[in-house]
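These notes concern the structure reproduced below.
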Amino acid sequence: MTAEENIYLVEGCEGGGPEEHHQEDPWQEVYRAIQNRLILQADAVGIEEHSLNGDAVPCVIVNLKGIKCLMPLSESGEEKITGLRRLVGRKLAFRVIGIDREANLAVISRRAALEQWAAKTWKEIKEGDVRRGVVENVNPYRAELNIGGIKATLEARDMSWGWVEDARSLMRIGDHLEVKIKEIDSENRKLRVSLKEVLPDPWPSVPSKYIKGGEYLGRITGIMEYGVFVNLEPGVDALVKLPRFGDPEIGKKALIRIDEINVEKRWIKGRLVRLLY
1 MTAEENIYLV EGCEGGGPEE HHQEDPWQEV YRAIQNRLIL QADAVGIEEH
51 SLNGDAVPCV IVNLKGIKCL MPLSESGEEK ITGLRRLVGR KLAFRVIGID
101 REANLAVISR RAALEQWAAK TWKEIKEGDV RRGVVENVNP YRAELNIGGI
151 KATLEARDMS WGWVEDARSL MRIGDHLEVK IKEIDSENRK LRVSLKEVLP
201 DPWPSVPSKY IKGGEYLGRI TGIMEYGVFV NLEPGVDALV KLPRFGDPEI
251 GKKALIRIDE INVEKRWIKG RLVRLLY
């Protein structure tokens, strides 16, 4: 797969991809997509309840160049309406599965589009690949990505070479990330990925920048029962003892004294000299 094709298998990438056709009449694009099983992309702008097959169904509303597209919950790839709300504001991939041109309506399926992408991705993906994915959900400890139609988990410890207090400070739903495939779970149809492994590793240069006994300015990034994390540079954090003075706060600057450096284990230990406010 070329880098260009890799991007096209990512939901929300600008330009859509080779399967998206731009026509003056959007209905011609819809007919072409139905006939050739093409995947389109457009913006999700809201949620409405519609009667489909006699049942009231929550639907994501997608605007395809003036055509109102209904994406039922069952075709969204989500299980609950809270999942639908996470889709609003994003550019979504979908297949057209029904039309009512007189009413200027189309029924669409994101689930079908992701399944089509996933079938292609599973044939090609391998451990060590670097792929682009879209963030579908994020909490303090991990993020869930979609990579070519496949669910992928990105743990906080794999997001940075340094301490990550809250993954939500690094990324948001809808963000696109280049990540490395660490583990492929074919049985459960999931991936485990790493962001930090595609970022420059700052630790080889640590001995030339910091010495034992030196005092350095940093920013507090985490406060735990066993100590305070102070960021010295992107990807390099020092763990210092809880101070007996002052009240450390995340985001505040601090001067620390380094007591130990272990590049192999990637840690720096020290003590707090001064809090800066």
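1 is the number of the first residue of the sequence shown in full-length UniProt numbering; add one for each residue after it.
Where a beta carbon is used, it is the ideal one built from N, C-alpha and C, also for glycine.
Closest by CA to residue i, which one among the options?
{"i": "D158", "options": "G235, P26, I250 and N262", "result": "G235"}
{"i": "E233", "options": "R86, A143, V88 and V206", "result": "V206"}
{"i": "Y277", "options": "V45, L73, I220 and R37", "result": "I220"}
{"i": "I34", "options": "S194, P248 and S109", "result": "S109"}
{"i": "G227", "options": "P202, I256, E187 and G214", "result": "I256"}
{"i": "L40", "options": "N104, L114, V60 and E102", "result": "L114"}
{"i": "V164", "options": "G83, V273 and A238", "result": "A238"}
{"i": "G162", "options": "A44, D185 and V263", "result": "V263"}
{"i": "S194", "options": "D100, L145 and R172", "result": "L145"}
{"i": "E155", "options": "N63, K123, V273 and P140", "result": "P140"}
{"i": "G148", "options": "A254, K190, L199 and P26", "result": "K190"}
{"i": "R244", "options": "H176, P26, V273 and R192", "result": "V273"}
{"i": "E178", "options": "D185, S186, S160 and N188", "result": "S160"}
{"i": "S186", "options": "P248, E127 and Y31", "result": "E127"}
{"i": "E249", "options": "I223, K241 and N231", "result": "I223"}
{"i": "L199", "options": "N53, N36, D25 and V130", "result": "V130"}
{"i": "E11", "options": "N188, H176 and K123", "result": "H176"}
What residues in its chain sit with their C-beta under 8 Å from that of residue i, if we drop five residues either side in the sequence?
{"i": "A112", "result": "E75, F94, R95 and I97"}
{"i": "K265", "result": "none"}
{"i": "V57", "result": "E49, H50, S51, P72, L73 and S74"}
{"i": "V138", "result": "E144, A167, R168, M171, R172 and I173"}
{"i": "E215", "result": "L255, I256, R257, I258 and V273"}
{"i": "residue 335", "result": "Coverage of the chain is limited to positions 1 through 277, which leaves residue 335 absent and any answer about it impossible."}
Please list, in chain order, all residues of the same chain as residue i whose beta carbon is under 6 Å from its beta carbon, the five residues on each side excluded.
{"i": "D259", "result": "K269 and G270"}
{"i": "I99", "result": "A106"}
{"i": "K151", "result": "K190"}
{"i": "E183", "result": "R192"}
{"i": "W117", "result": "L9, G148 and G149"}
{"i": "D55", "result": "none"}
Taking C-beta to C-beta, are residue i and residue j nearer than 8 Å?
{"i": "I125", "j": "I67", "result": "no"}
{"i": "R132", "j": "A167", "result": "no"}
{"i": "L9", "j": "T153", "result": "no"}
{"i": "V135", "j": "G89", "result": "no"}
{"i": "G251", "j": "L275", "result": "no"}
{"i": "A103", "j": "C69", "result": "no"}
{"i": "I81", "j": "I61", "result": "no"}
{"i": "E78", "j": "L87", "result": "yes"}
{"i": "I261", "j": "K209", "result": "no"}
With a CB to CB cut of under 7 Å and the five nearest residues on each side skipped, what residues in its chain are close to residue i?
{"i": "Q23", "result": "Note that Q23 scores a pLDDT of 49, beneath 50, so its modelled location is shaky and nothing firm can be said."}
{"i": "W267", "result": "L239"}
{"i": "R101", "result": "W27"}
{"i": "E197", "result": "K180"}
{"i": "L84", "result": "I47, P58, V60, L73, S76 and E78"}
Am I right that residue i and residue j are in contact with their C-beta atoms under 8 Å? What's the rounded C-beta distance?
{"i": "A42", "j": "L64", "result": "4 Å"}
{"i": "K241", "j": "L217", "result": "Going by Cβ atoms, the distance from K241 to L217 rounds to 18 Å, so no, they are not a contact pair."}
Could you tell me which uninterrupted beta strand (DSSP E) segments, each at least 3 residues in length, are contained entirely in the UniProt domain "S1 motif" (128-196), listed from first to last along the chain? 130-138, 142-147, 150-155, 176-185 and 190-194
Review point. What beta strand (DSSP E) runs, 3 residues minimum, are completely inside the UniProt domain "S1 motif" (213-277)?
Key: 215-224, 227-233, 236-240, 253-262 and 267-276
Give the list of continuous alpha helix (DSSP H) stretches no shorter than 4 residues that lie fully inside the region 14-82.
26-36
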